[in-house]
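First comes the structure, then the notes that go with it.
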Amino acid sequence: MKFFIDTANLQEIEEGFQMGLVDGVTTNPSLMAKEGVSGTDKVKAHYKAICEIVGGLDVSAEVIATDYQGMIQEGEELAKLHAGIVVKVPMIAAGLKAIRYFSSKGIRTNCTLVFSVGQALLAAKAGATYVSPFVGRLDDISSDGMQLIADIRLVYDNYGFTTQILAASVRHPMHIVDCAKIGADVITAPLSAIKPLLNHPLTDAGLAKFLSDHKKASSN
Ligand code: E4P
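Per this note's numbering, the sequence shown starts with residue 644, numbered consecutively.
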């Protein structure tokens, strides 16, 4: 399972990349706004900076346009920025049409804001490279985000769709573990949700004991 980092913060991306934890990056307009990035030139420069930090890894850059022609123009400009750019397109009718167009041109896409199996099926049929079901936002409304990942896995496997399931809106380490059990292809999460996977009290206690036994033996 690939780990993408879900942030537009350059320091966080650099930290995750240096730790060897990052296989790609996802951003969205809210995450870009959080970093104070606005205006076409600054947005493009920021995407380029992200791409340069992570080398050739995939970086999802979301279109703002919601009409077909606008999405095509914006997506093509984004794709030209760097070979790692994946054009992120919302799950709306014009978005599906744009995904089909990008797919025919060899431009990779991430279909975002997916909340149902039906939507995921349409994204795959349109030729999306990635589909982003939002686990946390479903949990937020007392729905079962993880069940959606399992259902999409089943449907994609039934028909051999190659669209990768990119579990998004992943908020904590158990979301990641559950996605791995189900067989999501990718999770995207902030570093704060990924890092705790490292921790176990028995690891800390075991290491402390090994080191104290070693110290005792060395002083004999
Ligand atoms: C990433 O592709 C999504 O935009 C992101 O994971 C959404 O996360 P949130 O629901 O925590 O905002």
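Backbone N, C-alpha and C define an ideal beta-carbon position, used for all residues, glycine too.
The stretch 804 to 821 touching the stretch 760 to 779, judged by at least three CB pairs closer than 8 Å: Contact between the stretch 804 to 821 and the stretch 760 to 779 is present, because at least three Cβ pairs lie under 8 Å.
Limits of the unbroken beta strand (DSSP E) element including Leu809: For Leu809, the enclosing beta strand (DSSP E) covers residues 807 to 810.
Cβ-heavy atom distance, Ala619 to the ligand E4P, below 8 Å: With the chain covering 644 to 863 only, the question about residue 619 has no answer from this structure.
Member of Ile693, His725, Pro839, Gly749 whose CA lies at the smallest distance from the CA of Ile656: Nearest option by C-alpha distance: Ile693.
Glu695, buried or exposed, once every other Cβ within 10 Å from all chains shown has been counted against 16: Burial call: exposed.
Through-space distance from Asp828 to Val706, alpha-carbon basis: Cα to Cα, Val706 sits roughly 23 Å from Asp828.
For Asp856 and Arg751, the rounded distance between their alpha carbons: The alpha-carbon of Arg751 is positioned some 54 Å away from that of Asp856.
Whole runs of the beta strand (DSSP E) within the stretch 773 to 845, excluding any shorter than 3 residues: Within the stretch 773 to 845, complete beta strand (DSSP E) segments of at least 3 residues are found at 773 to 776, 807 to 810, 829 to 832, given in chain order.
Cβ neighbour criterion (16 or more within 10 Å) applied to His818: Answer is buried; the Cβ neighbour count reaches 16.
Beta carbon of Ile837 nearer than 9 Å to that of Leu664: Yes, they are a contact pair.
Segment limits, beta strand (DSSP E) that includes Phe647: Counting along the chain, the beta strand (DSSP E) containing Phe647 begins and ends at 645 to 649.
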